[in-house]
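In my numbering, the protein residues as written are 22 to 365. The structure under discussion appears below in the form of structure tokens.
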Amino acid sequence: MTEIVEKLYRTGNIDDSEIKSLVETDDKGVSNFIVKYADETRQKYYGKKVFLRGLIEISSYCKNDCFYCGIRRSNKNAERYRLSREEILSCCENGYELGFRTFVMQGGEDSYFTDDFMCSLISEIKSKYPDCAVTLSLGERSYESYRRMKEAGADRYLLRHETASDELYRKLHPKEMSLANRKQCLFSLRELGYQVGSGFMVGVPFQTTENIVEDLRFLQELQPHMIGIGPFVPHHETPFSDKKGGTLELTLRILGILRLMFPKALIPATTALGTVSSDGRELGLKTGCNVVMPNLSPVGVRKKYDLYDNKICTDEESAECVECLEKRIRSAGYEVSSERGDAI
Ligand code: SAM
Ligand code: FES
Numbered sequence: 022m023t024e025i026v027e028k029l030y031r032t033g034n035i036d037d038s039e040i041k042s043l044v045e046t047d048d049k050g051v052s053n054f055i056v057k058y059a060d061e062t063r064q065k066y067y068g069k070k071v072f073l074r075g076l077i078e079i080s081s082y083c084k085n086d087c088f089y090c091g092i093r094r095s096n097k098n099a100e101r102y103r104l105s106r107e108e109i110l111s112c113c114e115n116g117y118e119l120g121f122r123t124f125v126m127q128g129g130e131d132s133y134f135t136d137d138f139m140c141s142l143i144s145e146i147k148s149k150y151p152d153c154a155v156t157l158s159l160g161e162r163s164y165e166s167y168r169r170m171k172e173a174g175a176d177r178y179l180l181r182h183e184t185a186s187d188e189l190y191r192k193l194h195p196k197e198m199s200l201a202n203r204k205q206c207l208f209s210l211r212e213l214g215y216q217v218g219s220g221f222m223v224g225v226p227f228q229t230t231e232n233i234v235e236d237l238r239f240l241q242e243l244q245p246h247m248i249g250i251g252p253f254v255p256h257h258e259t260p261f262s263d264k265k266g267g268t269l270e271l272t273l274r275i276l277g278i279l280r281l282m283f284p285k286a287l288i289p290a291t292t293a294l295g296t297v298s299s300d301g302r303e304l305g306l307k308t309g310c311n312v313v314m315p316n317l318s319p320v321g322v323r324k325k326y327d328l329y330d331n332k333i334c335t336d337e338e339s340a341e342c343v344e345c346l347e348k349r350i351r352s353a354g355y356e357v358s359s360e361r362g363d364a365i
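The following block contains the structure:
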């Protein structure tokens, strides 16, 4: 099977059946081979650089009801909060001092954050920190909303497609949500000139290997600048509370395949990966990841952005998070970059 990995490394593509065999392999030698080539590929384009993104979790209110997510609207026990404009700006100030040159504002779909609110906030951040990128991750909004926020200065948008299969999408979301709309949002964001990030969860309930192949094919069609994947981790107050989570091994194997298919993509070693294994993020970095996203949210709200059980990094101050992640990056043999880290 190593010849399939070599073909993927050489050509950036393989057949569906070949992807399937790599995804399903339990041969450690093959997995190690994927890691080796993924690291070689990342080093060819990005050297040893790892880019930092400061994550500001602006709201735990959400109008959606995704079956896997701890802050879904039906979770009556979720503690809700939203950050004020001043609190968000103070996270940016703190982040800038800590060396961040990208701020990611992420939250549930919360109508409090109107276009007017967001545009004025984005303009202020961009005028205070012209050398920084502003990334948004606020879910599905209208074309007009995306257009206005881009015009206000937003640079990037993260919106995982979650799954490219209609059938699986319906098993993970309530009827009122649609994969077609989510995909449309992604193509609109691209058209508007955002650097776009997409991705999916690994090991989400009912996911098959064929679904993962579909995800990779969709990403090839979209050609996003960033690709975020992480293991599904169950949350005790959701319909999937008793389901199994995604594994470290499978997530790493798919990360390696992604690096080989998308040599220039920005790929984060996610918090969920660090949640399923204490050295998950280091292993991610060694398997082609080149981004980490330390948490800049005020410590008082961290536990309330409770997407899944046992989420890490909820007790530490931002400075501690940065220090811890920088140590992890170095221990894995990579360098912390102080650049904005745009896609090449
Ligand atoms: N509301 C925005 C959106 O829908 O894109 C951003 C916030 S949403 C919570 C961010 C991501 O968290 C989702 O795209 C999903 O993949 C991930 N997520 C949600 N629940 C999760 C879980 N139980 N395990 C792992 N990841 C999860
Ligand atoms: Fe909206 Fe999870 S259901 S962020």
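Don't be surprised by glycine CBs; every beta carbon is placed ideally from N, CA and C. Please read all numbers here as calculations on a predicted model, not as lab measurements.
Here Asn34 is exposed. Its C-beta has fewer than 16 other C-beta atoms within 10 Å. Residue pairing of Val312 in beta bridges, as defined by DSSP: Phe72 and Pro289. Excluding five sequence positions before and after Tyr150, the CB atoms of its chain that fall closer than 6 Å to its own CB belong to Tyr117, given in chain order. Around the C-beta of Tyr133, fewer than 16 other C-beta atoms lie within 10 Å, and the residue is accordingly described as exposed. Where Leu243 is concerned, the enclosing alpha helix (DSSP H) starts and stops at Thr230 to Leu243. For Met198, the secondary structure class from DSSP, reduced to helix, strand or coil, is coil. Boundaries of the alpha helix (DSSP H) harbouring Gly277: Leu269 to Met282, taken from the DSSP string. Relative to the non-hydrogen atoms of the ligand SAM, the Cβ of Gly224 never comes closer than 7 Å to any of them.
Leu179 has Gly218 as its beta-bridge partners, per DSSP.
Pairing Lys204 with Phe227 gives a Cβ-Cβ distance that is not under 8 Å.
By the neighbour-count criterion, in which a residue is buried when 16 or more other Cβ atoms sit within 10 angstroms of its Cβ, Phe138 is exposed. Ranked by how close their Cα comes to the Cα of Val343, the residues Arg177, Met314, Gly354 and Ile143 have Met314 in first place. Per the C-alpha coordinates, the member of Glu341, Lys307 and Gly267 positioned closest to Val297 is Gly267. Taking non-hydrogen atoms of the ligand SAM into account, the C-beta of Phe253 is found less than 7 Å away from one of them.
Spanning the alpha carbons of His256 and Asp152 requires a straight line of approximately 38 Å. Set against 7 Å, the gap from the CB of Leu110 to the closest heavy atom of the ligand SAM is not smaller.
Put simply, the backbone Cα of Gly160 is about 29 Å away from that of Glu341. Bridge pairing for Arg31: absent [DSSP]. Not one heavy atom of the ligand SAM falls within 7 Å of the beta-carbon of Cys334.
Under the three-state reduction of DSSP output, Val155 falls in the strand class. CA-CA distance, Leu279 to Pro289, rounds to 11 Å. If you draw a 10 Å sphere on the C-beta of Asn202, you find fewer than 16 other C-beta atoms in it, and that means exposed. By DSSP's assignment, Glu356 forms a beta bridge with Lys70.
Bounds of the beta strand (DSSP E) holding Met126 are Thr123 to Gly128.
Counting along the chain, Ile143 sits inside the alpha helix (DSSP H) bounded by residues Asp136 to Lys149.
Arg274 sits close to Leu43, with the two beta carbons spaced by under 8 Å. Using a 10 angstroms sphere on the CB of Glu303, the tally of other CB atoms reaches 16 or more, which defines it as buried.
Fully contained in the segment 40 to 106 are the following alpha helix (DSSP H) runs of length 4 or more, in chain order: 49 to 67.
Between Thr292 and Ile333, the CB-CB gap stays under 8 Å.
In the three-state reduction of the DSSP assignment, Val343 falls in the helix class. Comparing alpha-carbon positions, the option among Met22, Lys307, Asp336 and Gly309 lying closest to Gly321 turns out to be Asp336.
For Arg103 against Leu142, the beta-carbon gap comes to about 13 Å, at or over 8 Å, which does not count as contact. Selection Leu317, Glu347 and Asn331 evaluated against Ser339 yields Leu317 as nearest (Cα-Cα). Within its own chain, the residues whose Cβ lies closer than 7 Å to the Cβ of Ser144, once the five positions on either side in sequence are excluded, are Ala173 and Gly174, listed in chain order. Linking Asn115 to Asp36 through their CA atoms gives a straight-line distance of about 47 Å.
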